[in-house]
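Just so we're aligned: 820 in the working numbering is position 82 of the sequence shown, and the numbers increase by one with no gaps anywhere. Below: the structure, in structure tokens.
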Amino acid sequence: MMNLEKALLELVLPIVSDKQSVSVKEMTSLNENEILLYVYAKSEDVARLIGRQGSMATALRNVMAIATRVENKRISIKFEAY
């Protein structure tokens, strides 16, 4: 399986303004069929990543879900500001 952290980071970097402050971490989930990814960025960049009415976040989740369908897993992406 491809590195999902790196793939999500490649999708996120062109969107944010401060590319140095963005990080993506994979966390363990209680459900073995779920992959949990956290995107950490500055608050203005998190707002940009979520988008109006969550449209950008939904698009990112849909693109990343394609990569996990091969292994019959779900993906959850959470956005955190610092």
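Glycine included, C-beta positions come from ideal geometry on N, C-alpha and C.
Segment contact flag, the segment 739-748 with the segment 782-791, C-beta cutoff 8 Å, min 3 pairs: no
Bounding residues of the beta strand (DSSP E) (the contiguous stretch that carries VAL808): The count along the sequence shown starts at 1 and reaches residue 808 at position 70. From DSSP, VAL808 is part of no beta strand (DSSP E); its letter is neither H nor E.
Within 9 Å, strictly: CB atoms of ALA795 and PHE817: The count along the sequence shown starts at 1 and reaches residue 795 at position 57. The count along the sequence shown starts at 1 and reaches residue 817 at position 79. The answer is yes: Cβ separation under 9 Å.
Beta-carbon proximity of ASN810 to ASN771, cut-off 9 Å: In the sequence shown, residue 810 corresponds to position 72, counting from 1. In the sequence shown, residue 771 corresponds to position 33, counting from 1. The answer is yes: Cβ separation under 9 Å.
For GLU743, three-class secondary structure by DSSP: Position 5 of the sequence shown, counted from the start, is the residue given in the question as residue 743. GLU743: helix per DSSP, three-state reduction.
Exposure of LEU768, with buried meaning 16 or more beta-carbon neighbours within 10 Å: Residue numbering aside, residue 768 sits at position 30 when the sequence shown is read from its first letter. With fewer than 16 Cβ atoms within 10 Å of its Cβ, LEU768 is classed as exposed.
Cβ-Cβ separation, VAL762 to VAL784 (assumed contact under 8 Å), whole Å: Within the sequence shown, numbered from 1, the residue matching residue 784 stands at position 46. Within the sequence shown, numbered from 1, the residue matching residue 762 stands at position 24. In fact, because the Cβ distance is near 13 Å, the residues do not count as touching under 8 Å.
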